[in-house]
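Enquirer: For reference, the structure I am asking about is given below.
Residue numbers (the working numbering): 52 to 578.
Right under this line is the structure:
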């Protein structure tokens with residue numbers, strides 16, 4: 052019996068929202084700019100649409116049609132053609148806005164059963180590196196999981212962080228959120244003598260790791276048109292031969308989707324390479340296409356990968372670390388400033404400000420500020436829409452300073468206090484209901500509204516337990532910050548029966564939520 056090597060072909064698909072370099076002029080021309088206008092003036096929608104439509108015609112549409120065609124061609128075979136996609140939420144928003152046909156093609160691919168959708172951060176951000184707000188990273192993952200579910204009826208089981216940024220903490224977050232696998236870079240320094248072509252387990256958790264074979268991936272992604280390369284030209288049959296002679300169980304080929312038609316134009320032969328690769332692989336009896344979820348079901352972990360936070364890896368540049376985004380003063384100043392502003396944004400609890408703040412977290416903004424030069428610098432410069440890193444920094448810091456000033460101005464308004472009391476708090480500050488000591492109910496509240504909902508569902512035994520200890524008023528005063536509601540709860544007679552206690556709490560908390568929503572001009576919730 053022939054031992055089959057699983058080939059896991061994954062595509063990263065992302066487009067950022069580039070900034071409006073002339074936004075100061077827009078401020079002069081357009082007076083009375085409000086929060087609702089920030090999306091229009093901060094981002095260059097004309098340029099973003101032009102770039103998106105150009106890449107759609109050169110890459111997204113033709114490459115997707117080729118993949119769908121080859122999936123259909125091999126679908127009934129013993130070894131069907133399978134691929135996986137990691138689509139950022141920002142990319143999907145642009146699809147919905149400017150080219151809905153793309154969504155339909157991806158939907159058709161998912162419906163074949165030969166495509167796995169991965170999860171990532173919705174905004175393709177550096178949220179996993181934000182040490183000031185640990186809640187932001189899982190929140191963006193959940194937002195991404197929701198858009199994949201809404202558009203494709205699909206619940207991802209595999210996680211790939213932005214640009215394959217990875218460490219042990221990221222693995223634990225992914226595991227806590229229910230993912231079974233993380234895909235990251237097969238960097239030499241984390242492997243030592245070991246091969247990337249096996250399934251591993253993350254240090255400190257039980258989640259599986261699949262590692263990108265960067266040599267085979269970069270043969271396509273970076274060397275395809277390199278006439279100085281001793282293997283040029285790269286053909287599909289040659290590449291399939293390399294795969295067939297590569298030892299290991301799972302070979303992960305992870306590529307930027309724009310490799311096919313944008314980074315390398317159709318005239319280079321890259322789209323024909325994509326068309327013929329499944330055909331040439333099918334000629335080898337020891338090769339089989341697979342998805343990440345299938346791979347981890349077939350192959351148990353053969354070892355542990357340990358990546359402490361200070362050794363964080365990624366697939367970016369020759370360094371394969373976080374230096375692509377955080378290696379110079381401009382990058383670090385803006386990143387730290389953005390995260391500090393985020394604390395205020397979360398307190399303000401205004402949806403549009405949160406949305407803008409998250410667009411500003413997109414990793415590309417920091418990537419454009421890279422200044423080291425060399426081989427990596429050439430790659431960075433080729434993607435930079437501002438011409439050079441200094442112009443990228445100026446565009447970003449001008450908008451960030453304006454955004455900060457608007458957030459601070461918003462914080463002085465009376466209604467901001469009401470919004471803050473209705474905000475959602477991080478998981479580590481949530482209220483966890485217990486039946487009794489060391490006996491959790493599994494019900495958790497992250498806001499006053501969730502607390503109200505929980506009071507209606509949790510057992511009266513749990514309510515009585517927490518009331519006897521003063522837990523409710525303590526959490527509402529110290530975490531939510533609503534001393535007025537805390538005092539009302541503390542004044543409830545302790546001799547109330549359990550059912551009456553629940554009823555009184557629901558009435559009290561519900562009334563307070565209505566007061567707060569009235570204070571910010573929102574419609575009162577239905578009772």
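Every residue, glycine too, gets a C-beta built ideally from N, C-alpha and C.
What you are looking at is a predicted structure, and each value in this text was computed from that prediction instead of being measured.
Which residues does DSSP pair with residue 483 in a beta bridge?
Expert: 495
Enquirer: At a cut-off of 7 Å, would you count residue 350 as near the ligand MN, judging by its Cβ distance to the nearest heavy atom?
Expert: In the structure shown, the ligand MN is absent, as is every other ligand, since no ligand is present at all.
Enquirer: Considering only residues of the same chain and omitting the five flanking positions on each side of residue 407, which have a CB-CB separation below 6 Å?
Expert: Non-local beta-carbon contacts of residue 407 in its own chain, meaning distances under 6 Å to residues more than five positions away in sequence, involve 89 in chain order.
Enquirer: Can you tell me whether residue 101 is buried or exposed? The criterion is at least 16 other CB atoms within 10 Å of its CB, across all chains shown.
Expert: exposed
Enquirer: Contact defined as beta carbons within less than 8 Å: I believe residue 84 pairs with residue 78. What is the distance between those atoms, to the nearest angstrom?
Expert: 6 Å
Enquirer: With a threshold of 16 other CB atoms inside 10 Å of the CB of residue 576, please say whether the residue is buried or exposed.
Expert: Below a pLDDT of 50, predicted positions are generally treated as unreliable, and residue 576, at 44, falls in that range; no measurement from the model is reported.
Enquirer: State yes or no: is the C-beta of residue 186 within less than 8 Å of the C-beta of residue 221?
Expert: no
Enquirer: Quick one: using the 10 Å Cβ neighbour count with 16 as the cut-off for buried, is residue 420 buried or exposed?
Expert: buried
Enquirer: Using the Cβ count rule (16 or more neighbours within 10 Å means buried), how would you classify residue 166?
Expert: buried
Enquirer: So what's residue 179 in DSSP terms, helix, strand or just coil?
Expert: helix
Enquirer: On the premise that residue 241 lies in contact with residue 358, defined as a C-beta separation below 8 Å, what is that separation, rounded to the nearest angstrom?
Expert: The C-beta distance from residue 358 to residue 241 rounds to 6 Å, short enough to meet the 8 Å contact threshold.
Enquirer: By DSSP, does residue 353 sit in helix, in strand, or in coil?
Expert: coil
Enquirer: Since residue 56 is in the beta strand (DSSP E), which residue starts that stretch and which ends it?
Expert: 56 to 64
Enquirer: Identify, in the order they occur along the chain, each residue of the same chain with its Cβ nearer than 8 Å to the Cβ of residue 356, setting aside the five sequence neighbours on each side.
Expert: Short of 8 Å from the beta carbon of residue 356, and not among the five residues preceding or following it, lie these beta carbons of its own chain, in chain order: 241, 242, 251, 252, 253, 254, 260, 262.
Enquirer: Would DSSP call residue 295 helix, strand or coil?
Expert: helix
Enquirer: What number of angstroms, rounded off, separates the C-alpha of residue 203 from the C-alpha of residue 434?
Expert: So the two alpha carbons sit approximately 30 Å from each other.
Enquirer: Run through DSSP, which three-state label would residue 68 get?
Expert: coil
Enquirer: Can you list, in chain order, the residues of its chain with a C-beta nearer than 7 Å to that of residue 483? Leave out the 5 residues immediately preceding and following it.
Expert: 491, 495
Enquirer: Reducing DSSP to helix, strand and coil, say where residue 443 ends up.
Expert: helix
Enquirer: Is it buried or exposed for residue 282, if we count other Cβ within 10 angstroms and need 16 for buried?
Expert: exposed
Enquirer: Mind checking if residue 490 is an interface residue toward chain E, Cβ cutoff 8 Å exclusive?
Expert: Looking for chain E here will not work: only one protein chain is present.
Enquirer: Between 82, 69, 61, which lies nearest to residue 115 when the distance is taken from Cα to Cα?
Expert: 61
Enquirer: Ordered along the chain, which non-local residues of its own chain (more than five positions away) have a Cβ less than 7 Å from that of residue 578?
Expert: Only weak support exists for where residue 578 lies, its pLDDT of 41 falling under 50; the coordinates are left without a value.
Enquirer: Three-state secondary structure (DSSP) at residue 76?
Expert: helix
Enquirer: Taking 8 Å as the cut-off, decide whether the C-beta atoms of residue 98 and residue 440 are in contact.
Expert: The answer is no: Cβ separation not under 8 Å.
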